[in-house]
Ligand code: PNS
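Numbering (full-length UniProt numbering), first residue to last: 1 to 161.
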């Protein structure tokens with residue numbers, strides 16, 4: 001059985017992430033979406049909130065589970081006997097960002113990273129851009145899953161009250 005991990009900060013997940021999860025789930029037997037942490041990125045949502053939003057947004061994908069890990073990604077994959085990561089690539093900027101991560105992960109334990117090219121219709125979507133638009137009341141309805149839109153509305157209402 002081919003079990004892969006889709007790692008990321010997912011703060012929050014976007015329609016672009018969901019598309020990658022769906023395509024990974026159609027290609028591999030089992031997908032774990034792993035909410036992990038990038039020490040350079042400050043978060044808006046807690047780990048538990050991010051997990052819940054991905055679970056709600058992917059309930060139609062039967063061979064997908066969601067987990068969280070606050071440590072080295074390769075320690076998670078080793079612990080669970082997983083040898084493949086799957087990530088999306090939107091552009092050359094993503095490639096430059098992803099290349100050293102994929103290479104260090106492979107150097108550390110041999111885990112390989114498969115890249116799926118982002119569907120062009122999601123090519124400009126990022127979590128940070130969506131948060132920025134939503135924070136100022138812009139329309140993110142075509143960019144984010146409905147549970148995420150509701151959560152952002154609640155989060156920004158809390159922050160401004
Ligand atoms: O959403 P991102 O920025 O693509 O996610 C990056 C993430 C969280 C997958 C990456 O920073 C990560 O793997 N963090 C866990 C710590 C780790 O293993 N770091 C070394 C390899 S990058």
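Where is the CB? At the ideal position from N, CA and C, for every residue including glycine.
Keep in mind the model is a prediction, meaning the values are calculated, not measured.
Reduced DSSP category for residue i - H, G, I as helix; E, B as strand; rest coil
{"i": "residue 6", "result": "strand"}
{"i": "residue 28", "result": "coil"}
{"i": "residue 116", "result": "strand"}
{"i": "residue 131", "result": "helix"}
{"i": "residue 123", "result": "coil"}
{"i": "residue 71", "result": "coil"}
{"i": "residue 54", "result": "helix"}
{"i": "residue 84", "result": "strand"}
{"i": "residue 152", "result": "helix"}
CA-to-CA distance, residue j to residue i, given in whole angstroms
{"i": "residue 125", "j": "residue 143", "result": "7 Å"}
{"i": "residue 120", "j": "residue 87", "result": "15 Å"}
{"i": "residue 75", "j": "residue 83", "result": "11 Å"}
{"i": "residue 94", "j": "residue 31", "result": "22 Å"}
{"i": "residue 123", "j": "residue 21", "result": "15 Å"}
{"i": "residue 133", "j": "residue 155", "result": "13 Å"}
{"i": "residue 220", "j": "residue 66", "result": "Nothing about residue 220 can be read from this structure; the chain reaches only from 1 to 161."}
{"i": "residue 105", "j": "residue 78", "result": "11 Å"}
{"i": "residue 38", "j": "residue 150", "result": "25 Å"}
{"i": "residue 110", "j": "residue 15", "result": "30 Å"}
{"i": "residue 43", "j": "residue 19", "result": "22 Å"}
{"i": "residue 34", "j": "residue 6", "result": "6 Å"}
{"i": "residue 175", "j": "residue 10", "result": "Outside the displayed range of the chain (1 to 161) lies residue 175, so it cannot be described from this structure."}
Residue i burial status per 10 Å Cβ neighbour count (16 or more: buried)
{"i": "residue 27", "result": "exposed"}
{"i": "residue 8", "result": "buried"}
{"i": "residue 117", "result": "exposed"}
{"i": "residue 107", "result": "exposed"}
{"i": "residue 131", "result": "buried"}
{"i": "residue 57", "result": "buried"}
- request: Closer than 5 Å is what we want: which residues have a beta carbon that near any heavy atom of the ligand PNS? List them in chain order.
  value: 7, 8, 9, 36, 38, 72, 73, 101
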